Amino acid sequence: MIRKYFPARLHRSFHVNRISNPFEMLLTVALLFCTTTSVHADDPTPARYQSILAKAVRHVAEDTLPSVVTIEVIGVMQANGEVRQDAPTSGVVIDEQGHVLTSSWVTGGDSASIIVNAPSGKRYPATVVAKDEHRDLVLLKVSSPDETWQPIPFPTSDPANDQVGETMVAVARYGENNTPMVSTGILSAVGRLDGTAIQTDARISPAFYGGPLVDLKGRFRGVVIPAVGEGGAEDPTAWYDSGIAFAVPSSIIAQKLDQLRRGENIQQGLLGFVVAGSDPYAEGTELSVVRKRSPADKAGLKVGDQLKSIGGQSVTRRQEIKLALGQYDAGDEVQIEYERDGKRMTSAAKMIATIPPLQPQFIGLITADEVIEQTEEEDTDAESSSSTAVIVQHVWNKSPADGKLKVNDRLIQLDGSPILDSNAMRQRLWASDPDVPIELTIKRDGNEQVVSVDPLTLDGSLDRIAAFETSEPLPADDWNVDTLQLPDITNAAAIWFPKPEPTVDTPPDEAPTIPLALAIVLAPPKDRDPSVILGPWKDLARQHHVAVCVICSDGDDQWRPNEVDSISKLTAASLKQSGASPSAVALIGGGAFMMDEKANPADSMALGASLSTVNVFTGVAISNETEPPAVRLRKDGPPRLLRVLIPSPPNSELPFWAETLRRIGCPLQTTPTLNRDLCLQWTRSLLAM
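Under mature numbering (1 follows the signal peptide of the UniProt record, and there is no 0), read the sequence shown as residues -41 to -1, 1 to 648, first letter to last.
What follows is the structure in structure tokens.
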């Protein structure tokens, strides 16, 4: 699928320079070389080089074109019930039996038929044999008893060691006339898209998707696919014609062809662990989560293990782990070397396509991280003189932990594995099994003991998570409104928050102050003054001890996708200004609290911003009639610690996108109606894990 979970509209048309015949095309390529490089009239060397290069491009294009076809997708059904024909794309013939390899572009929607226009000019129907969903490839079989197919030859030796910087040639055909198309560039990077693709700076339009990428020796180097770098855009086709394009290497394709010919779909392999930390390029491979009943769990991996190598490839950071795992598919076995308690260990794990969706659990604790300085006698590691302790700040009223844990308890282990910090503990509760007691090793009054807690599943009716607690309202003059202005952001924003209190050490026998929560309210586009919008929130915010920031859209007609970055930056500024806890940041859409209105663009923006960012927001409250945004969701990403609150009146059905959110591990919490008071109570509840 072009879009996973929330399908986007595919491009209906694009600009292509039509060329009447291959010779005219190749002449155009030669002229392009002559006009894009500076040439001195008295120095024939550059001109001679360009002539040789143009001749080489002409030669490899002529050799490759007999193996390139045009593919048309006809009768694609859209969400609104209309039928369209998508722009044609390309494919490459891989054997004499009429198997054609192309990109996932042709299966982006349910179509009435797929037509292959052969190099001979004849048109034939084709059927899908299998999909490589990991690499966005599709294998077709063309029904053509009388056609003679010329397959593209695979390299007899692996060219993977060739240097970055060599010239690449993308070849395609377009339209009913099979118009040849060529684009040239260099091999600009290898090991892209988590190790599944190579990169070229050739300018690629959708007509090139599914077509071959060859080098100047005429070797088949890969198949061009619609893709962007992680986080680069919502739409995997968004970078077309940008000078950044990706292709699946022919060496990998050769390994997968037999499986595809047998009609076996290929899916990405998953192991079921999460590496600690938020920066994928930071040093460190310590596991913070191991999903129960996952391949990692069955292989014996535990929280706290340090990964050392995967498949024989050394790893020192999370990004290297992703690259090492990128070559494996579901069903493949991978060797994992790790370190535990100073000992090197090796285990094998068989990767699977899907891991059961997370059912995040709740026990009702608010915790804080405390740095514990080690004494000289305790310090056995010369490089470490401190550790992090997780201390209970508050136990939520009527929660599973109520009566079992106390303020100032020190949390040491969860189910036998060390608790690294509060965020790691929250992630592990997010990945815990429902209806299975959690064993917590704690230290209380200098003594260790084990406490068993029966967790609650967050998903479901909000009243299952018992009584919300509120603090005593503070005097009005202890709170103030500030306008938020950032140099590169034009969105109007204002925040209502309490003035910071002097820092005072809390006596050991007294409960520490509960942190402040933060609600980010996105205003409907028609509302333009954030200070005015804050008015009805002020008394409720003081009552529930929740800072409130109102952000207005940049324009008065709609919220735009590029404003996600503005919302994230203003949220960071709000956290700094208010001192609120980053573990309790709710994003609230306009339709979620305006009882007289249905969903508006602010709701869709709230959902899109919460899903497009990685754990910036821990909750999002929106109307149940929200139009889902076009967001590409990765099923192999780290857990999204995001709760979703929607109104669900009696006898009503949940929105169609609810199951999608549950599949990626976001609990859906429901309540008959939503209002400002409930939104702020719920925002405060995000503090508890």
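Even glycine gets a Cβ: it sits at the ideal position worked out from N, Cα and C.
Keep in mind it's a predicted model, so treat the numbers as computed, not measured.
In this structure, L324 lies away from A539, with their beta-carbon atoms at least 8 Å apart. Going by C-alpha positions, T642 is about 33 Å away from L229.
Beta-bridge analysis with DSSP links T143 to V128.
Under the 8 Å Cβ criterion, the region 256 to 273 counts as touching the region 298 to 313, having at least three qualifying pairs.
Spanning the alpha carbons of V65 and Q214 requires a straight line of approximately 22 Å. In this structure, the alpha-carbon of K257 lies about 36 Å from that of A148.
Residue burial annotation: L445 is exposed, with fewer than 16 other C-beta atoms found within 10 angstroms of its C-beta. Taking 8 Å as the cut-off, the beta carbon of P195 is found no closer than this to the beta carbon of P208.
From the listed residues S644, D153, Y83 and Q9, the smallest Cα separation to R423 is found for S644. Assigned with DSSP and collapsed to three states, Y297 falls in strand. Contact check for P495 against C511 fails: the beta carbons are separated by 8 Å or more. In the DSSP assignment, F179 is bridged to V173. Contact annotation: A156 and A206 have beta-carbon atoms nearer than 8 Å.
Looking only at L600, A307, I203 and T23, the smallest Cα-Cα distance to M140 is reached by T23. Under the DSSP assignment, Q386 falls in the alpha helix (DSSP H) whose first and last residues are S381 to W389. Contact annotation: V293 and I269 have beta-carbon atoms nearer than 8 Å. In the DSSP assignment, no residue is bridged to C638.
Selection L216, V130, L373 and P165 evaluated against H58 yields L216 as nearest (Cα-Cα). Between the region 555 to 564 and the region 603 to 613 there are fewer than three inter-stretch CB-CB distances shorter than 8 Å, so the stretches are not counted as touching.
By the criterion of a C-beta distance shorter than 7 Å, G150 is surrounded in its chain by L282, once the five residues flanking it on both sides are discounted. For K535, the uninterrupted alpha helix (DSSP H) run begins and ends at V523 to S537, by DSSP. In the DSSP assignment, G494 falls outside any alpha helix (DSSP H), carrying neither H nor E. Across the structure, G419 and P608 are spaced so that their CA atoms are roughly 13 Å apart. In the structure shown, the three-state DSSP call for I212 is helix.
Y8 counts as exposed, since fewer than 16 other beta carbons sit within 10 angstroms of its beta carbon. Rounded to whole angstroms, the Cβ separation of L172 and M127 is 6 Å, and the two are in contact under 8 Å. Two segments are said to touch when three or more pairs of C-beta atoms, one from each, lie closer than 8 Å; by this definition the region 102 to 115 does not touch the region 241 to 259.
Cβ-Cβ separation between R276 and G243: approximately 6 Å, consistent with a contact (criterion under 8 Å). Rounded to whole angstroms, the Cβ separation of S49 and F167 is 6 Å, and the two are in contact under 8 Å. Taking 8 Å as the cut-off, the beta carbon of A545 is found closer than this to the beta carbon of A478.
Excluding the 5 residues flanking it on each side, I473 has same chain C-beta neighbours closer than 8 Å at I325, Q352, H353, S430, H504 and L646, in chain order. Rounded to the nearest angstrom, the gap between the Cα atoms of A543 and R82 is 59 Å. The straight-line gap separating the alpha-carbon atoms of N634 and G259 is approximately 47 Å. In this structure Q318 touches P393 by the C-beta definition: roughly 5 Å separates them, less than 8 Å. Spatial neighbours of S253 in its own chain (CB-CB distance under 6 Å, excluding positions within 5 residues in sequence) are listed in chain order as G231 and I314.
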